[in-house]
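A.B. asks: The structure is given below, and queries will be raised subsequently.
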DNA sequence: ACAAAAGTGTTCCATTTACACCCATGA
DNA sequence: TCATGGGTGTAAATGGAACACTTTTGT
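As structure tokens, this is what we get:
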């Protein structure tokens, strides 16, 4: 404390990404297989170190999103989860990771093309249950990310980030059902969502059709906080 | 990326504390006057650098809580707010700050004795409105901390952390009113709080008295998440 | 015509709100 | 006995859950 020659320790800062999306109505997270030690061959979150000491942390998150997941970060939802800094979390030394939560829309493309070895969408259920082993403290980070997403569906317009630019109300319902892991009544959901001013706005008279009566299309509205909220059952 | 000799940049990591408490039924935050440049003489959050490269971040927060605010960290609520890492946030160079939110009970003691120059409880209203100037990005951090507290009052037992070991229901109500900045009906609040199983439990038949009918005393219950929640009006 | 999904109306029930009222104590 | 805050009862308003029912399309 009173040591004049003392100077604060410098540490390495990494960024890790919890990228969630919906595939066949199930919640998935993007994982990569580690190509180097430690945890070589084990699944891990995409991420990496800051590029230089002038790079903003969220800019590094955007960059990794592009490099490792081939996703245009400027378009999708990205928010900070927090800092993970247990001294022993990385055997290479003191590394503090700032984790981010990203939500990717369900794109028609088959898989995310990436330069990282073996990047793949994995069902979140397998990760949370512990059936999929993760490197470092990444399972804890995924758990926190999923809980954040679950919580934010209630009070924010986050659900729309899982959808394409335009979407039907039942597509939106599938987001809530997949993330929360519950079944919702389509009729009540329909009105509840419509009853939140500014959450979703009608997109033209356009309609899309698969089977049954075509649904109206909507796009994300101006409101980011939901009044009233869509509450979990 | 493909540069073999590249190594990640090391940065300095600091911890900043948003310590909230209630004084005369108003929400206050602990600020210190900076004794050195940059921002000498300006109000700032208590905080400091990691002690060494083995110190856990939350341990550093506990230590600063003790050093700068003379508060026993083991007893009060402490949770991470997030990492603040804009490259230009500190003119001395690249410093990433991990911010924590702490809730201190309203102690009978006059002021928190501290070794930092001019530590004092300041009304949060003055800080949020911009009337009190803060160093670095600390105003943003306080804003985030207060919003976190407001939000967590709804779904968690955080409010009890503002109170002494035992408290009356109307004291608990004052917490909600001060943090949310609203008036609540005492009669409905009384029942609503009692209707959440495990939130508060009766403490003996003991009672305290000032004016009017003495109130029953309660202590914090085992439940940390509130079912049903206490919702903001 | 039928299946399937979209969208509407309505009933029932739990929760919330507003407020009248009673209780226990100090001065 | 009066003022003051603690605590209870209750009726009206609100909002959510459940579900019957109508609409619009493809086959």
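Residue numbers (our numbering), protein chains in the order written: chain A, 1 to 233; chain B, 1001 to 1233.
For each residue, glycine too, the CB sits at the ideal point set by N, CA and C.
Note that the structure is a prediction, hence the values are computed from the model and not measured.
1. Please list, in chain order, all residues of the same chain as residue 1220(B) whose beta carbon is under 7 Å from its beta carbon, the five residues on each side excluded.
2. Quick one: Cα of residue 1069(B) to Cα of residue 180(A), how far?
3. What are the residues of the segment 1153–1179 of chain B that lie near chain A, defined by any Cβ-Cβ distance shorter than 9 Å?
4. Using the beta-carbon of each residue, which ones in chain B are nearer than 9 Å to residue 82(A)?
5. For residue 36(A), is the classification buried or exposed, using 16 other Cβ atoms within 10 angstroms of its Cβ as the cut-off for buried?
6. What do you reckon, are the CB atoms on residue 1018(B) and residue 1101(B) nearer than 7 Å?
7. Per DSSP, which one or two residues make a beta bridge with residue 1218(B)?
8. In whole angstroms, give me the CA-to-CA distance for residue 33(A) and residue 27(A).
9. Could you check whether residue 134(A) and residue 43(A) sit closer than 7 Å to each other, using their CB atoms as the reference points?
10. Rounded to whole angstroms, how far is the Cβ of residue 234(A) from the Cβ of residue 1132(B), which I believe are closer than 8 Å?
11. Starting from residue 145(A), trace the alpha helix (DSSP H) both ways and give me its first and last residue.
12. Against chain B, does residue 76(A) count as a neighbour if the rule is that its beta carbon must be under 7 Å from one of theirs?
13. Is the shortest distance between the beta-carbon of residue 1046(B) and the beta-carbons of chain A less than 7 Å?
14. Please identify the residue among 226(A), 136(A) and 229(A) whose C-alpha is closest to the C-alpha of residue 91(A).
15. Counting only Cβ pairs nearer than 8 Å, list the residues of chain B close to residue 70(A).
16. Taking C-alpha atoms, which residue in 22(A), 7(A) and 51(A) lies nearest to residue 67(A)?
17. Name the residues in the segment 6–31 of chain A whose C-beta lies less than 8 Å from a C-beta of chain B; which are they?
18. Apply the 10 Å Cβ neighbour rule to residue 1152(B) and answer buried if 16 or more other Cβ atoms are within range, or exposed otherwise.
19. Return the chain-ordered ranges of every beta strand (DSSP E) run that is complete within the segment 1030–1086 of chain B and spans a minimum of 3 residues.
20. Could you tell me whether any Cβ in chain A is nearer than 7 Å to the Cβ of residue 1087(B)?
21. Using alpha carbons as the reference points, say which of 1082(B), 1182(B) and 1207(B) lies closest to residue 1142(B).
22. Taking the alpha carbon of residue 1053(B) as the point to measure from, which residue in 13(A), 58(A), 71(A) and 63(A) has its own alpha carbon closest?
23. Got a sec? Which residues, its chain only, sit under 8 Å from residue 140(A) by beta carbon, not counting five neighbours each side?
24. Relative to the alpha-carbon of residue 1243(B), which residue among 1167(B), 1150(B) and 1194(B) has its alpha-carbon at the smallest distance?
25. Quick one: residues in its chain with C-beta nearer than 8 Å to the C-beta of residue 1106(B), no 5 flanking neighbours on either side, listed in chain order?
26. Considering residue 1124(B), what are the terminal residues of the alpha helix (DSSP H) in which it resides?
27. Would you mind stating whether residue 76(A) and residue 59(A) have Cβ atoms separated by less than 7 Å?
28. Taking Cβ-Cβ distances shorter than 9 Å, what residues in chain B pair up with residue 65(A)?
29. What's the C-alpha gap between residue 1187(B) and residue 190(A)?
30. Within the continuous alpha helix (DSSP H) that includes residue 193(A), where are the two ends?
31. In three-state DSSP terms, what is residue 119(A)?
32. State buried or exposed for residue 1208(B), treating a residue as buried only when at least 16 other CB atoms are found within 10 Å of its CB.
33. Between 1168(B), 1130(B), 1061(B) and 1089(B), which lies nearest to residue 1039(B) when the distance is taken from Cα to Cα?
34. So, are the CB atoms of residue 1195(B) and residue 1222(B) less than 7 Å apart?
35. At which residues does the beta strand (DSSP E) containing residue 210(A) begin and terminate?
36. Going along chain B in order, which residues have a C-beta closer than 8 Å to the C-beta of residue 54(A)?
C.D. replies: The structure says:
1. 1157, 1160 and 1200
2. 41 Å
3. 1155
4. 1080, 1081, 1082, 1083 and 1098
5. exposed
6. yes
7. 1167(B) and 1202(B)
8. 19 Å
9. yes
10. Because chain A here runs from 1 to 233, residue 234(A) falls outside it and cannot be looked at.
11. 138–155
12. no
13. no
14. 136(A)
15. Near residue 70(A) there are no residues of chain B at all, since even the closest Cβ is about 15 Å away, more than 8 Å.
16. 51(A)
17. 8, 9, 10, 11, 12, 13 and 14
18. buried
19. 1047–1049 and 1077–1084
20. yes
21. 1082(B)
22. 13(A)
23. 84
24. Coverage of chain B is limited to positions 1001 through 1233, which leaves residue 1243(B) absent and any answer about it impossible.
25. 1021, 1022, 1023, 1162, 1163 and 1164
26. 1124–1128
27. no
28. Ordered by position in chain B, no residue passes the 9 Å Cβ test against residue 65(A), which lies about 15 Å from the chain.
29. 36 Å
30. 186–194
31. coil
32. exposed
33. 1089(B)
34. no
35. Note, residue 210(A): premise wrong, no beta strand (DSSP E); not H, not E.
36. 1087 and 1094
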